[in-house]
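Enquirer: Residue numbers (this note's numbering), protein chains in the order written: chain A, 286 to 753; chain B, 131 to 226.
Here a beta-carbon is modelled for each residue, glycine too, at the ideal position from N, C-alpha and C.
Could you have a look at this structure, given as structure tokens, before my questions?
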């Protein structure tokens with residue numbers, strides 16, 4: 286195969302990636318878009334096996350490419366790990382899997398850059414060394430940062446910001462060291478400085494993500510995703526592959542826009558999230574659990590309240606997904622609709638653990654799309670709503686986001702359930718939400734709490750309602 | 131390759147990347163992120179290229195590790211994105 290044909294096929298893969306991103310931007314074409322992306326990646330990968338790249342002095346080489354057994358074996362292992370993980374993961378745990386996949390991609394890019402650097406030796410041009418340094422630094426940050434986001438989402442470690450005294454100086458110091466060693470590699474070349482650089486970058490990735498609070502984690506995943514894209518583009522430069530430059534740049538650019546859109550949906554400033562590490566102050570330990578009266582009710586009380594309502598808004602949160610109660614909540618909604626009650630689901634943009642996560646989970650339970658109302662649609666209707674049922678959500682309905690400047694979620698748009706005539710919270714306990722903030726609404730006189738597992742509680746409410 | 135050609139490709143790809151995702155409803159943020167994540171798994175191509183000209187055991191070992199990681203990223207990424215999007219199927223039927 287001539288170099289021209291090889292490059293042309295690479296270009297067609299690049300076009301597939303553009304069409305994939307375009308397709309993924311609209312609900313109708315999203316699935317097809319993803320498949321086009323997979324097609325592009327398959328074409329790009331398959332073609333290397335049929336192209337013998339000439340030596341740099343022009344001497345032709347022959348097929349099959351060297352180390353073919355190792356290459357195919359490694360791909361088989363990767364497939365055997367990746368496919369079952371992707372097939373078996375529960376939809377509730379999907380955000381952390383995406384974080385993990387992104388991390389290993391960043392790690393792969395860093396390894397590719399290191400190997401290419403080893404084999405180029407002193408023949409590397411300054412531009413190539415700079416691109417290598419960039420790939421190693423950003424790839425390693427993406428790798429270790431993603432591992433930390435994975436651990437936060439999997440709750441293997443605390444979801445709260447981890448801040449230690451003098452933390453910002455440690456982070457700033459590490460960053461200075463990374464930049465210094467980067468300069469050292471460019472000037473002095475050599476394997477040892479590059480490995481030191483990789484180690485420092487891994488450390489920086491950990492320090493960079495630790496102070497990020499639970500609610501901001503999705504933004505960081507999206508940002509690290511864009512980072513990994515840029516490392517792929519830089520590798521494309523070093524390896525002289527136009528396809529990799531196009532693919533990496535597309536992901537880098539679209540990932541940056543996506544990160545900004547997510548930050549806007551959550552009412553966070555991107556800058557604040559990024560440099561949270563430098564501004565975060567150790568949080569004061571929140572006051573000991575106050576013994577304040579709350580009004581808790583029985584499933585029968587809830588059923589009666591619902592039975593005489595004209596309009597009910599269901600606000601699902603991550604707790605609903607954890608309890609696997611999507612199907613039960615749909616049963617409840619169907620029952621209410623059969624009684625002539627107006628029912629809508631109020632979906633906060635970041636309900637669940639990632640923007641759009643809750644829509645995926647409810648779609649899994651076959652909830653009709655028309656009943657899902659986005660925040661801007663549903664908020665003005667809470668005034669005419671008799672009952673708002675909050676199931677396993679907390680932060681997204683916490684009025685503190687509007688009333689308490691300085692609290693971690695201040696400024697985040699919320700579902701204004703406090704405007705409804707009655708609010709019912711289905712909760713496992715009085716434990717605060719993912720962001721770790723007390724919710725005043727729980728103590729409001731018009732609020733009724735139904736403690737217990739969301740699925741068990743809903744099942745009881747459904748049977749009580751059937752009996753009325 | 132000419133530096134100006136590389137810079138042109140890069141700059142134009144940035145604009146295309148900005149444009150194609152500029153209007154996406156929050157419903158699709160997660161699948162879009164996951165799909166873009168799978169696309170950067172094509173670093174697999176880079177990993178295979180470096181593996182094919184690895185001469186020392188160190189180089190080969192590192193590039194084999196890179197291939198494993200990149201394959202997980204690429205194939206796992208596309209499969210999990212497809213699973214996510216499969217759930218939106220139900221509503222398409224109703225739209226018809």
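1) Starting from residue 413/A, follow the alpha helix (DSSP H) in both directions and report where the run begins and ends.
2) Count the other CB atoms within 10 Å of the CB of residue 678/A; is the residue buried (16 or more) or exposed (fewer)?
3) Quick test of your reading: residue 646/A and residue 611/A, contact by CB under 8 angstroms. State the CB separation rounded to the nearest angstrom.
4) Measuring alpha carbon to alpha carbon, tell me which residue in 697/A, 431/A, 628/A and 641/A is nearest residue 595/A.
5) Tell me whether residue 404/A sits in a helix, a strand or coil according to DSSP, three-state version.
6) Measuring CB to CB, does residue 309/A end up less than 9 angstroms from residue 158/B?
7) Alpha carbon to alpha carbon, how far is residue 366/A from residue 202/B?
8) Any C-beta of chain A within less than 8 angstroms: which residues of the region 184-208 of chain B qualify?
9) Entirely within the region 166-215 of chain B and at least 4 residues each: give me those alpha helix (DSSP H) ranges in chain order.
10) Check whether the Cβ atoms of residue 353/A and residue 182/B sit closer than 9 angstroms, and answer yes or no.
11) Classify residue 390/A: buried if its beta carbon has 16 or more other beta carbons within 10 angstroms, exposed otherwise.
12) Thinking C-alpha only, which one of 287/A, 296/A and 288/A is nearest residue 529/A?
13) Using CA atoms only, rank isn't needed, just tell me which of 303/A, 503/A, 382/A and 525/A is closest to residue 137/B.
14) Buried or exposed: which applies to residue 442/A, given that a residue is buried once 16 or more other Cβ atoms fall within 10 Å of its Cβ?
15) Given a limit of 8 angstroms on CB to CB distance, which residues of the region 152-172 of chain B reach chain A?
16) Should residue 665/A be labelled buried (16 or more other beta-carbon atoms within 10 Å of its own) or exposed?
17) Could you check the C-alpha separation between residue 282/A and residue 504/A for me, to the nearest Å?
18) What residues in its chain sit with their C-beta under 6 angstroms from that of residue 384/A, if we drop five residues either side in the sequence?
19) To which residues of the same chain is residue 313/A closer than 8 angstroms at the C-beta, ignoring the five residues directly before and after it?
20) Express the C-alpha separation of residue 176/B and residue 205/B in angstroms, rounding to a whole number.
21) Using CA coordinates, which residue listed in 198/B, 214/B, 186/B and 164/B is at the minimum distance from residue 394/A?
22) Which residues in the same chain as residue 315/A place their Cβ atom closer than 8 angstroms to its Cβ, once the five residues preceding and following it in sequence are excluded?
23) Residues of chain B with CB under 7 angstroms from residue 662/A, in chain order?
24) Give the single residue among 320/A, 346/A, 603/A and 695/A whose Cα lies nearest to the Cα of residue 287/A.
25) Check whether the Cβ of residue 562/A lies closer than 9 angstroms to any Cβ atom in chain B.
26) Could you say if the region 627-643 of chain A and the region 140-148 of chain B meet the contact criterion of at least three C-beta pairs nearer than 8 angstroms?
27) Look at the alpha carbon of residue 306/A and the alpha carbon of residue 300/A, and state the distance between them as a whole number of angstroms.
Expert: According to the structure data:
1) 411-438
2) buried
3) 6 angstroms
4) 628/A
5) helix
6) yes
7) 6 angstroms
8) 184, 185, 186, 188, 189, 190, 192, 193, 194, 195, 196, 197, 198, 199, 200, 201, 202, 203, 204, 205, 206, 207 and 208
9) 173-182 and 187-201
10) yes
11) buried
12) 296/A
13) 525/A
14) exposed
15) 152, 153, 154, 155, 156, 157, 158, 159, 160, 161, 162, 163, 164, 165, 166, 167, 168, 169, 170, 171 and 172
16) exposed
17) Examination of residue 282/A is not possible in this model, given that chain A is present from 286 through 753 alone.
18) 431, 434, 435 and 506
19) none
20) 15 angstroms
21) 198/B
22) 308 and 309
23) Result: empty, since nearest Cβ-Cβ is about 12 angstroms, beyond 7 angstroms.
24) 346/A
25) Caution is warranted here: a pLDDT of 48 is assigned to residue 562/A, below 50, making its placement in the model unreliable, and no coordinate value can be reported.
26) no
27) 10 angstroms
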